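Chain order of the listed sequences is A and B.
Heads up, the first sequence is in our numbering, so the first residue is 1383 and it goes up one at a time.
Heads up, the second sequence is in our numbering, so the first residue is 4 and it goes up one at a time.
Glycine residues also receive a C-beta, built at the ideal position from the N, C-alpha and C atoms.
Here the structure is a predicted model, which means the values were calculated and not measured.
Beneath this line is the structure, given in structure tokens, with notes to follow.
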Amino acid sequence: MNRRAQIRLLPDGRRLHLQDGPIDLIVEAFGAPQEIERAYRAACARFGAVLDELCEELSFLRQQSSADAAWPRGKVARRMVAAVLPYAAQYFITPMAAVAGAVAEEILAAMVSSAELSRAYVNNGGDIALSLSAGEEFVVGMVERPDRPSLVGTSTLRAANPVRGIATSGWRGRSFSLGIADAVTVLADRAAAADAAATIIANAVDLPGHPAIVRVPACELAPDSDLGDRLVTQAVGELTNAESDLALTSGTRTAELLLKLGLIRSAALCLQGDIRLVAGVGDSRTIAARVQERGLVNA
Amino acid sequence: MADDSIRCDACPVLCYIKPGRTGSCDRYGNHEGKLVRLDPHVVLDRALERGESVVPFLERSGEWDGTLIGHGEASHYEIFVTAIGAGTTYPDYKPAPFIISSQVDGVDMVTVVTEGIFSYCGVKVKIDTDRHLGAECSTVRAQGEAVGHMTTSEYGSQMLSLGGVRHLTGGSRHEGTATCEALLNLCNGKAVELKIDDGAKVVVQAGKPPLVDGTQEERMRVGCGSATIGMFAKQWFGKVDEVVVVDDHITGVLSEHQAGKLLGVRETGIKLKARRSTPGRYFQVAEPGTSWGGTDIDDPLTILGKFSAKKAWPGLRLLMVSTTGEHSSYFELGEDLKPQEKELPEDLRASVARIKENCEPALCTVLFMGGAGGSLRAGVTENPVKLTHSVRDTLTRVTCGGAPVYVWPGGGITFMADVTRMPQNAFGYVPTPALVAPIEFTLKLADYAALGGYMENVRPLSSIAEQDDGRKRLTARADNPWPLESGAKAKKR
């Protein structure tokens, strides 16, 4: 094996691209130039060891999460376990459901602990950890189909809002899903928590036994998937409005439960062009804000 | 693993990868048992041999040197960056995702690369068939939803006009998504089944023969029935007394046709049950259909009346053939002057084969048609109309995924491009629904500055080309003009 993590600045001269195996991060920090440089150096220093650490405990991280299990050693692995534990008793979930968010969180933590930044983000393939100092904000775009990214709406996250993590899950995305949602985007206080919650909600958007849904055992597609022989969604035929309503209602119920438990701040569920929003009273505008813009045409 | 999964050793995850699938990183895949690296952003590279479509397994270590600015300046125009996978900034008035400078013959050229979101777009489909697909203006459906209509017939072909803003965004959600999906699949070279109201079911795929009601169309007709008479009269002369070329449009009759007259073909007393146009040319011999020459007849004799006893004679040799040579029958008149079917003589068989041979392979061809709207143009220049003027003045060259386009005269930048000349899967979509198509504008750097371009966003080709960050190098198609070629620009029409 002759692997080197790829670390380079993108051509815009501002964003840092870190890639190692399946981990692919776009990092951007805002602040004084010397602080940005310090933050980027810290990110690079931490990044180099992340994949090796994870792989050392990979077989454990691919198993069903349980409150009784011992904690892993790695910092990223511990973030993952912490994020999925709230679901362990009720749902099938492995720490891998939070890997992308946990890595993003870890790199962000390395940056903000070593430099003075006004804002920063670490985007791990759509699972994003952010940092905002007082008075700052981020505008975040939302996609409906992760396989063909395009904005269906944006959401403005202000420093006063506790959201620091965003994640998207769906059957068209990079990871397998047990459900049929095109995308479920979740805003939560931490990236790993958002990642785990998006997985749970996307799995709940489902029509069990529907003939137009093609499901294949995960291990047939990827022999070492943490999902084993569970059926993962590979295709979803055209659904009637009533059917997509039914599936979205099931997902919405789960999202509302997670909201009530304080695990998420808001969620947007997309299925074949329909979008449902779940948000607390004060948060409704954060994600709903501009979803309606999807009706715009290019003119 | 009992199958031909391979273990990827590109990183410590060590994925087992099934054939045809990628590892957890989506960067390495198992292509026929070999580990390959797959990259999404398409860079047309004319230096590579045609046919190479994956970047070979090759690791590059691009260490960040710890500074915030700095990249090499080498520039070479052998690489053209297409807009496929470039992304788009819609709906924001922001510079296009890539504005790339490269040098051609010492002149700085700029290519503005973006993926345009086209709500005002569709495809024009030409289906090479004489079979009746449906009446003009009939609705064309995909998945039961109206996605377009039959438009005017063209020579040897039926034309469909599909998509357009009304079907994409003006109807129900299902109509919009069905239209978008049909357009996307057609543009990406996939087969799409279309049903024409009160007409045929046709499977259309760019560059492939159409499948009409389950039958694959083989050939385009050589010409209308009358034209066929003109082309083959000499070859038939002396070998047969009468030829009827059956055609839904104009059926030709040798002995009455000008070509037959010139050769001195004797009158045969033949009668056609049809409306005569000019001598030897008949309209409406039958109803349109999917049989003989695009008519609905299976027995050609049904279009003939009784032979005139004054002119016909027993033993008269009659060939009936369709415009594609796919159908043919040979008759001789009996004592009662009624045609009796006989085996086709060898020398006539050759002429029927010749008709067939002269018919080109029937294909479906798909032209994408779209208009570059305000926000797209605004991604190129601060003053969008200047881009339109620049295209009109042929200072700016427009390409679609590196393929040449025809820019429609008049206002705006409305263009057509042959989807088979673009790299695979060049198109995408957004849920609006609308199609995402690549579009590149290439012009001289000085001209770009003059039209209010985003000069601060221009970056050298080397900053794109020398990275290994998910760009896919493809060999340019030999039949496409190279987008940056100097000869390709500034030809005033």
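Going by C-alpha positions, A/Ala1650 is about 36 Å away from B/Val39. Along the length of the region 349-421 of chain B, whole alpha helix (DSSP H) runs at least 4 residues long occupy 349-361, 377-381, 387-395, reported in chain order. Across the set B/Gly166, B/Gly119, B/Gln219, B/His152, the C-alpha of B/Gln219 shows the shortest separation from the C-alpha of B/Arg134.
Here the C-alpha atom of B/Leu366 lies approximately 9 Å from the C-alpha atom of B/Ser160.
Take A/Ile1562, set aside five residues on each side of it, and the residues of its chain with a beta-carbon closer than 7 Å to its own are Trp1553, Val1587, Asp1588, Leu1589, Ile1595, Thr1615, Val1618, Ala1629, Leu1653, in chain order. Taking a Cβ-Cβ cut-off of 7 Å, the neighbours of B/Gln146 in chain A comprise Glu1620, given in sequence order.
Interface criterion met: the Cβ of B/Cys18 is under 8 Å from a Cβ in chain A. Here B/Arg278 is not near B/Gly255, since their CB atoms are 8 Å or more apart.
Under the DSSP assignment, B/Thr180 falls in the alpha helix (DSSP H) whose first and last residues are 176-190. Proximity to B/Met419 across B/Gly318, B/Asn428, B/Met153, B/Ala406 peaks at B/Ala406, based on C-alpha coordinates.
Residues Thr1634, Ala1637, Glu1638, Leu1641, Ser1648, Ala1649 of the same chain have their beta carbon placed closer than 7 Å to that of A/Val1660, with the five preceding and five following residues left out of the count. Within the model, the alpha-carbon separation for A/Pro1544 versus A/Ile1646 is close to 10 Å. Assignment of B/Pro342 by DSSP, reduced to helix, strand and coil, places it in the strand class. Proximity of the region 324-338 of chain B to the region 222-230 of chain B meets the contact definition, three or more beta-carbon pairs being nearer than 8 Å. Look at A/Ser1607 here: in three-state DSSP terms it is coil, with no helix or strand label.
Across the set A/Ile1489, A/Arg1658, A/Ala1431, the C-alpha of A/Ile1489 shows the shortest separation from the C-alpha of A/Val1409. Following the DSSP letters along the chain, one finds B/Asn460 in no alpha helix (DSSP H), marked with neither H nor E. Nearest in C-alpha terms to A/Ser1557, of all of A/Ala1600, A/Tyr1469, A/Tyr1473, is A/Ala1600.
Of all residues in the region 1564-1590 of chain A, none is placed with a Cβ closer than 7 Å to any Cβ belonging to chain B.
Residue pairing by DSSP places B/Met162 opposite B/Lys129 in a beta bridge. B/Cys14 has no beta-bridge partner at all, per DSSP. Interface with chain B (8 Å Cβ-Cβ cutoff): A/Gly1655 is included.
Proximity of A/Leu1433 to chain B, defined by a Cβ-Cβ separation below 8 Å, is satisfied. Shortest Cα-Cα distance from A/Ala1479 to any of A/Ala1411, A/Met1493, A/Ala1584, A/Ser1513 involves A/Ala1584. With a cut-off of 8 Å on Cβ pairs, the region 177-193 of chain B is not in contact with the region 243-262 of chain B, counting fewer than three such pairs. Chain order gives the chain B residues near A/Pro1605 as Met4, Ser8, Tyr19, Lys21, where near means a beta carbon separation below 8 Å.
Straight through space, the alpha carbons of A/Thr1550 and B/Val408 are spaced by roughly 38 Å. Under a 10 Å Cβ-count criterion, B/Gln343 is classified as exposed, with fewer than 16 other Cβ atoms of the shown protein chains found around its own Cβ.
Contacts between B/Cys28 and chain A, judged by CB atoms closer than 7 Å, involve Gly1403, Pro1404 in chain order. With its beta carbon less than 8 Å from one in chain A, B/Pro15 belongs to the interface. Your pair A/Cys1437 and B/Val16 checks out as a contact, with CB atoms roughly 6 Å apart and the cut at 8 Å.
Rounded to whole angstroms, B/Gln261 and B/Val205 show a C-alpha spacing of 37 Å.
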